[in-house]
Structures are given as structure tokens and as C-alpha cells.
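Novice: In this note's numbering, the protein residues as written are 4 to 538.
Quick one: the structure is below, and I'll ask about it shortly.
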Amino acid sequence: MPTKAIKDKRAKAKVRQSQLQDAAHALRAQQLEVLMPGQTGFLEAEHEMEHTERMTQQQLAAHVDLQSQRKIFDIALPDFGPYSCAYTRSGRELLLGGRNGHIATFDWKAGKLGCELQVQESVHDVVWLHNETLFAVAQKKSLFIYDNQGIEIHCLRKHVEPRALAFLPYHFLLASIGNQGILRYQDVSTGKLIAECKTHYGACSTMRQNPQNAVLHLGHTNGRVTLWSPNNGDKPLVNLFAHTAPVHSVDVDLSGHYLATSGMEGAVKIWDLRMFKATHTYRFPQAVRQLALSQTGVLGTLQGGRAVFYKDALRVPDAPPYMTHTLQPGQAPAARLAFCPFEDVVGIGHAGGFSSILIPGAGEANFDTLEANPYQTVKQRQESEVHALLDRVPAETIGLETDTIGQIRQDAPDHDGGGAAAAAIGPKAGSQMGARHLKLQAATAAAPAGSASPAADGADGDAPPAKKLTKQQRKIQNRKLRRKMGEYSNVMDARKLAAKEAHERKVEAAREAQEAALRGDVAGYDPLSRFAVKR
Numbered sequence: 004m005p006t007k008a009i010k011d012k013r014a015k016a017k018v019r020q021s022q023l024q025d026a027a028h029a030l031r032a033q034q035l036e037v038l039m040p041g042q043t044g045f046l047e048a049e050h051e052m053e054h055t056e057r058m059t060q061q062q063l064a065a066h067v068d069l070q071s072q073r074k075i076f077d078i079a080l081p082d083f084g085p086y087s088c089a090y091t092r093s094g095r096e097l098l099l100g101g102r103n104g105h106i107a108t109f110d111w112k113a114g115k116l117g118c119e120l121q122v123q124e125s126v127h128d129v130v131w132l133h134n135e136t137l138f139a140v141a142q143k144k145s146l147f148i149y150d151n152q153g154i155e156i157h158c159l160r161k162h163v164e165p166r167a168l169a170f171l172p173y174h175f176l177l178a179s180i181g182n183q184g185i186l187r188y189q190d191v192s193t194g195k196l197i198a199e200c201k202t203h204y205g206a207c208s209t210m211r212q213n214p215q216n217a218v219l220h221l222g223h224t225n226g227r228v229t230l231w232s233p234n235n236g237d238k239p240l241v242n243l244f245a246h247t248a249p250v251h252s253v254d255v256d257l258s259g260h261y262l263a264t265s266g267m268e269g270a271v272k273i274w275d276l277r278m279f280k281a282t283h284t285y286r287f288p289q290a291v292r293q294l295a296l297s298q299t300g301v302l303g304t305l306q307g308g309r310a311v312f313y314k315d316a317l318r319v320p321d322a323p324p325y326m327t328h329t330l331q332p333g334q335a336p337a338a339r340l341a342f343c344p345f346e347d348v349v350g351i352g353h354a355g356g357f358s359s360i361l362i363p364g365a366g367e368a369n370f371d372t373l374e375a376n377p378y379q380t381v382k383q384r385q386e387s388e389v390h391a392l393l394d395r396v397p398a399e400t401i402g403l404e405t406d407t408i409g410q411i412r413q414d415a416p417d418h419d420g421g422g423a424a425a426a427a428i429g430p431k432a433g434s435q436m437g438a439r440h441l442k443l444q445a446a447t448a449a450a451p452a453g454s455a456s457p458a459a460d461g462a463d464g465d466a467p468p469a470k471k472l473t474k475q476q477r478k479i480q481n482r483k484l485r486r487k488m489g490e491y492s493n494v495m496d497a498r499k500l501a502a503k504e505a506h507e508r509k510v511e512a513a514r515e516a517q518e519a520a521l522r523g524d525v526a527g528y529d530p531l532s533r534f535a536v537k538r
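Have a look at this one:
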């Protein structure tokens, strides 16, 4: 941005200082590229007759170092599967959840068990929260949060029958969806339920988040993929007709530009989220139950008891398989596929337990210790948790546009006395002032251009009367107002929560009074008491 056109000296100095800082940071980053510890490496065939997908894990283990050989292992748990698996953001800790109620956490690199518990009911999904001290479990009826010792911390009963979980680390939001088809957002920093979005598409068990904008992608049984934000009410940001059969799995790459979906008809489609168009499609003889994308763009698919990986699936149509892995007898079918961050490791949860295999080139070789540190100490973890809470991003910023923060609102009305700033900020969504603000905006829009506002017309008797609207114009304005007010119907603020608690107390008091009357604690109703003399 040229500073010659800026007349204000202070503004010019700030812009010039910001430009100098950006240039210094870019130069520093370029100098530090020399100190990068390593580069991503893939398997390469020496000639055309060799195929990398034919290499097994036993053959690969014979050509790698001892430390990499330890990353290939199997955990036999045949009585509680199939298992769901999840890694922490740093890739250090592993979380396992068996369908029959078995939950375990451990440091898979050191082989150290963290905790192990049996919840005595079905487990459908597991996810880590902001670090390895807390994790959430989608159980049969409710959503539970446990600590790293296996102690139950919270039971979120408003999350009814959850089947899929997702945690937004920069917003500290825990999202769940299940048999009710209602997407719920829970703020784990304050404990408040901030939004409930009705999808209107029935039960859902497929959910992934976009790592760039924190928008959730849901796969439904009618073949649609919907994109959701807690700020858009019961309407999805995007409704994408992806498959002609139920959607089994979805995932978004690290850049946030590509979406991979799989359907029951045996198709895997790659979508460009910048255009919302399918770039190419893969056809398989059987349906792909699970798919996942690594940090480097490697696509992993699960087809029964076989895992197939593709190196250039996002950009190259009909890319050949990169590597394959067949489960041992007794392990099929596979239930979950998860790439370990910053490692060339893939975790597969199946009916026989858990398997860890090597996929060269799947993990990012260089990591930022300020973002996710695999070698984090206890003191560093505590400090990073405090910094993450202080830098928490508000939920109102979740949307398709990732560069809206810091920009000037173009459609803000220009009023005197700081009205433009007030209109740009606006009242709190879902509050009573927010409803009044929307009504005032609708009334202001209905006023003619010659009058400042309806209140100003009422105060000034000399002002000309407002033009009377026709019946059709009033219907259009009322429809717009109802649509705008409906966007805030799912926002749970303090006023709604207080009204809900008061209603629950009233119902409980009525129930107790009825039970007391049945027990005989309260005198029965006398029909002649209405004729008694009142003194």
C-alpha cells in the first residue's frame, strides 16, 4: 500500500512501520528455511516394472531405521471392537474407543498407558480437546468429558445420542451431531451451549471440520453434504448434492481448498471448495466406508478389510494407488482411519483392535512449536493452554470468508455522532437489543430517503409524512424481518437460559404438588369451599 496518498502523519507512520515489520518477518522466515530439519519423502519406484503399492509393511520395516520400525505395531483387542481412534494435534497421544465401551489413552511413542476405563455402554466416537488432558466420548445417550486419569468431568445431557464429534481448537467449541439430526455447539471454556442447528435431514454420523475456517461439513443419508456455522441458524452455508446414495465419509485437506467425499454407490469425489465443483471422481467395486486426508494431501480409504492410499489424488485424476495394506484375519472390517500429525504413521481402528502402519510422506516434516509441539513439557503445556484461552477466536467469526476480520464493512450506514461504528459493530446477536436493532433497521429501510428515521419524523412536526406502503411492500418487508429474526432463533443467550430454567422449575413444582396430593399430604379439594363465609 503506497503511503504517499495518506495525509494523516500518524496513520502514515503506522502503515510504514507495519510494512517494515512484514518485510523483516519475511526475510527472517527465508533465512530460517535453511534450518528446516527435514523434507517430506515418498517411496519412488526405480523403473516402470516396480509398483510401490505392492510393498508390504514387513518389507518396508526391513529398509527403515529401528525408531521407525517401532511405529509398526498391532494392539489385539478382539472383545470390544470395532475401535475409533484419534491423535492429539501434536501427534503424541493416542485415544481409542471401542464400540462395546472400552476407552484407553496412551503415549504411543513411549508405549506408556495413560488411562483405561469401561463405560458399560456403546461408544460411537472419541475426540481430544485442546490438549491431552481432556477428551470427549460420544456414548449411547449423552456426551461425556473425561480427564487423562479416566475421571468423568462433565456429562452433557443436552447432546442427545451423539454419533460424531469435532473440536474446534481455536474457538474452544465442541460440536456433536447424532440421531436427532441437530448440530450442537458447546463452549468448553465457559460451559455454555451457544447454538443448536437443525439440519432437517435426519440422523447423521459423518462430520469433519475445515481447518482453515472451522466450518463443519456434514454427510447425510440423502447424498447431500452441508456446510454449517453456529451463526447461520438452521440454514446451512452451502447445500451440496454430492452423491446419489448415502454419504459415508468426508474430509477436508489442510489448505481448506479440497473436499473428499465417499458414497454408498462406490464413488469417491474430489471437490474444489473455491468453486464448489467436483474436479474428478474415483470408482470402486465396493463402497468406501472411511476416508482421511493427511497433512501432505495423501488420501487414505478403507474398503472392508483393505486400506488403499493415493499420493496425488487431490490434483491428478485417476491417480494410481500409492500403497496398500490388508488387515489380518479377524481384524476386518476396519472402522476408522486417522493420520498421525507430523509422522508418516496411519492408525487403523478395526474389529480386532488397533493397527499402526507406515506410509512414507504422509506427515509434515517441519512443525511449528508455537502451534503444536510434539516434545512439549508440562510447563510449556500449561503456558500454551493459557495463551490459547487468551487468544480464543469468537464463534461469530466462523464462516466461509476467512479474511473478513480487520476489514471495513462496506454496507454500514453513515450516521453522525459515531453511528457508523455502532452499525458496524451491532448489538449482541440473539439479545433483546438485537431484536430491537433489527426492527429499527427494517423501519429505517421502510422510511423514504428524505427522512432520517421514523423517530426523527415523529419528533419534527414540519417534516413531510412518510409515504404509505402498499400491501405487497409490507409483506416483503415483514418476510425479510422474519427471515432475519429466524437466524437468531437458535442462539442460546442468558435470557433464554433463564426462561428455560424457570419453566423447568415450574414443571417440577407442579409435579411435586401432584405427588403430594396423591400421598395425602395436602388436603383434598372441597367443592363446597367456594360457598364458605370469608371473614
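For glycine and all other residues, C-beta sits at the position ideal for the given N, C-alpha and C.
The structure displayed is predicted, hence computed values, not measured ones.
Who are His50's beta bridge partners in DSSP?
Specialist: As a working note, residue 50 is residue 47 in the sequence shown. The partner list for His50 (beta bridge, DSSP) is empty, contrary to what the question assumes.
Novice: Since Ala354 and Ala335 should fall inside the 8 Å C-beta cutoff, what is the C-beta to C-beta distance between them, to a whole number of angstroms?
Specialist: Walking along the sequence shown from the start, residue 354 turns up at place 351. Walking along the sequence shown from the start, residue 335 turns up at place 332. 7 Å between Cβ atoms; contact.
Novice: Under DSSP, the beta strand (DSSP E) around His105 begins and ends at which residues?
Specialist: Locating residue 105 in the sequence shown gives position 102, where the first residue counts as 1. Taken as a continuous stretch (DSSP letters only), the beta strand (DSSP E) holding His105 covers 105-110.
Novice: What are the uninterrupted segments assigned as alpha helix (DSSP H) that are 4 or more residues long and contained completely in the region 107-166, given in chain order?
Specialist: Runs found: none.
Novice: Shortest alpha-carbon distance to His133 belongs to which of Asp254, Asp496, His390?
Specialist: Numbered from its first residue, the sequence shown carries residue 133 at position 130. If we check each option's Cα against that of His133, His390 comes out closest.
Novice: Below 6 Å CB to CB, which residues in the same chain sit around Asp2 once its five sequence neighbours on both sides are set aside?
Specialist: Past the edges of the chain, shown from 4 to 538, lies residue 2, and the structure says nothing about it.
Novice: Give the straight-line distance between the Cα atoms of Ala295 and Lys478, rounded to the nearest whole angstrom.
Specialist: Here residue 295 refers to the residue found at position 292 when the sequence shown is read from its first residue. Here residue 478 refers to the residue found at position 475 when the sequence shown is read from its first residue. C-alpha separation (whole angstroms): 48 Å.
Novice: Can you find a C-beta in chain D that's less than 8 Å from the C-beta of Leu484?
Specialist: Of the protein chains in the structure, only one exists, and it is not chain D.
Novice: To the nearest angstrom, how far is the alpha carbon of Glu124 from that of Ala141?
Specialist: Residue mapping note: residue 124 aligns to position 121 of the sequence shown, counting from 1. Residue mapping note: residue 141 aligns to position 138 of the sequence shown, counting from 1. Cα-Cα distance, rounded: 10 Å.
Novice: Quick check on Trp201: does DSSP put it in helix, strand or coil?
Specialist: Locating residue 201 in the sequence shown gives position 198, where the first residue counts as 1. Strictly speaking, residue 201 in this sequence is Lys, with Trp absent from that position. Correct three-state label for Lys201: strand.
Novice: Look up Val18 in the DSSP assignment and say whether it is helix, strand or coil.
Specialist: Start at 1 with the first residue of the sequence shown, and residue 18 comes out as number 15. Three-state result, Val18: helix.
Novice: Nearest by alpha-carbon distance to Gly104: which of Gly194, Gly84, Thr91, Gly114 is it?
Specialist: By one-based count along the sequence shown, residue 104 stands at place 101. Nearest option by C-alpha distance: Gly84.
Novice: Enumerate in chain order the residues of its own chain whose CB-to-CB distance from Gly300 is below 7 Å, with the five nearest sequence positions on each side excluded.
Specialist: In the sequence shown, residue 300 corresponds to position 297, counting from 1. For Gly300, where only same-chain residues beyond five positions count, the Cβ hits under 7 Å are Asp256, Leu317.
Novice: Starting from Arg286, follow its DSSP beta bridges and name the residues at the other end.
Specialist: Numbered from 1 along the sequence shown, position 283 holds the residue referred to as residue 286. DSSP lists Ala270 as partners of Arg286.
Novice: Quick check: the Cα distance between Leu276 and Leu219, rounded to an integer number of angstroms?
Specialist: Residue mapping note: residue 276 aligns to position 273 of the sequence shown, counting from 1. Residue mapping note: residue 219 aligns to position 216 of the sequence shown, counting from 1. The straight-line gap from Cα to Cα measures roughly 13 Å.
Novice: Please identify the residue among Arg227, Asn216, Asn213 whose C-alpha is closest to the C-alpha of Gly205.
Specialist: Position 202 of the sequence shown, counted from the first residue, corresponds to residue 205. Out of Arg227, Asn216, Asn213, Arg227 has the C-alpha closest to the C-alpha of Gly205.
Novice: Whose C-alpha, out of Ser387, Ala270, Ile362, is nearest the C-alpha of Met58?
Specialist: Counting from 1 along the sequence shown, the entry for residue 58 is found at position 55. Checked all of Ser387, Ala270, Ile362; the closest Cα to Met58 is Ile362.
Novice: Please report the distance separating the alpha-carbon of Met52 from that of Arg95.
Specialist: As a position in the sequence shown, residue 52 is number 49, starting the count at 1. As a position in the sequence shown, residue 95 is number 92, starting the count at 1. Distance between the alpha carbons of Met52 and Arg95: 38 Å.
Novice: Could you check whether the region 373-383 touches the region 67-77, counting it as contact only if at least three pairs of C-beta atoms, one from each stretch, sit closer than 8 Å?
Specialist: no
Novice: Taking 8 Å as the cut-off, decide whether the C-beta atoms of Phe175 and Val130 are in contact.
Specialist: As a first step, residue 175 is located in the sequence shown; it is residue number 172 there, counting from the start. As a first step, residue 130 is located in the sequence shown; it is residue number 127 there, counting from the start. For Phe175 and Val130, no; Cβs fall outside 8 Å.
Novice: What did DSSP end up calling Ile78 once you bin it into helix, strand or coil?
Specialist: As a first step, residue 78 is located in the sequence shown; it is residue number 75 there, counting from the start. Of the three classes helix, strand and coil, the one that applies to Ile78 here is strand, per DSSP.
Novice: Can you tell which of Arg102, Asp110, Glu388, Thr136 has the C-alpha that lies nearest to the C-alpha of Val122?
Specialist: Walking along the sequence shown from the start, residue 122 turns up at place 119. When only C-alpha atoms are compared, the closest one is Arg102.
Novice: Helix, strand or coil: how does DSSP classify Thr400 here?
Specialist: On the sequence shown, position 397 is the one that residue 400 refers to. Three-state DSSP puts Thr400 in a helix.
Novice: Taking Val250 and Gly222 to be in contact with their CB atoms under 8 Å, please state how far apart those CB atoms are, rounded to whole angstroms.
Specialist: Here residue 250 refers to the residue found at position 247 of the sequence shown. Here residue 222 refers to the residue found at position 219 of the sequence shown. So it is a contact: roughly 3 Å between Cβ atoms.
Novice: I'd like the list of long-range same chain contacts for Leu392, defined as Cβ closer than 7 Å, with 5 residues on each side in sequence excluded.
Specialist: For the purposes of this step, residue 392 is identified with residue 389 of the sequence shown, where counting begins at 1. Around Leu392: Ser192.
Novice: For Val311, write down the residues that DSSP places opposite it in a beta bridge.
Specialist: Indexing the sequence shown from 1 puts residue 311 at position 308. Looking at the DSSP assignment, Val311 forms a beta bridge with Thr304, Thr327.
Novice: Tell me the residue span of the beta strand (DSSP E) that contains Val250.
Specialist: If you number the sequence shown from 1, residue 250 lands on position 247. Val250 -> beta strand (DSSP E) spans 250-255.
Novice: Within 10 angstroms of its Cβ, does Asn213 collect 16 or more other Cβ (buried), or is it exposed?
Specialist: For the purposes of this step, residue 213 is taken as the residue at position 210 of the sequence shown. Asn213 comes out buried.
Novice: Hey, out of Ile106, His260, Arg166, whose CA is closest to Phe138's CA?
Specialist: The sequence position of residue 138 within the sequence shown is 135, counting from 1. If we check each option's Cα against that of Phe138, Ile106 comes out closest.
Novice: What number of angstroms, rounded off, separates the C-alpha of Glu47 from the C-alpha of Ile351?
Specialist: Within the sequence shown, residue 47 is the residue found at index 44, counting from 1. Within the sequence shown, residue 351 is the residue found at index 348, counting from 1. So the alpha carbons of these two residues sit roughly 24 Å apart.
Novice: Please classify Phe357 as buried or exposed, where buried requires at least 16 other C-beta atoms within 10 Å of its C-beta.
Specialist: Along the sequence shown, one-based indexing puts residue 357 at 354. Phe357 is buried by the Cβ-count criterion.
Novice: Tell whether a beta-carbon distance below 8 Å holds between Leu186 and Asp128.
Specialist: In the sequence shown, counting from the first residue as 1, residue 186 sits at position 183. In the sequence shown, counting from the first residue as 1, residue 128 sits at position 125. Contact: no.
Novice: Along the chain, where does the beta strand (DSSP E) containing Glu96 start, and where does it finish?
Specialist: As a working mapping, residue 96 is identified with position 93 in the sequence shown. Counting along the chain, the beta strand (DSSP E) containing Glu96 begins and ends at 96-101.
Novice: By Cβ distance, which residues of its chain are closer than 6 Å to Thr6, with the 5 residues on each side in sequence left out?
Specialist: Position 3 of the sequence shown, counting from 1, holds the residue named residue 6. Excluding residues within five positions, the ones whose Cβ falls inside 6 Å are Lys15, Val18, Arg19.
Novice: Here's the rule: buried if 16 or more other CB atoms are within 10 angstroms of the residue's CB, otherwise exposed. What is Gly266?
Specialist: Within the sequence shown, the letter at position 263 stands for residue 266. Here Gly266 is buried: its Cβ has 16 or more other Cβ atoms, across all protein chains shown, within 10 Å.
Novice: Give me the Cα-Cα distance between Ala450 and Gln480, rounded to the nearest whole angstrom.
Specialist: For this step, residue 450 is matched to residue 447 along the sequence shown. For this step, residue 480 is matched to residue 477 along the sequence shown. Its pLDDT being 47, under 50, Ala450 is placed unreliably by the model, and nothing is read from it.
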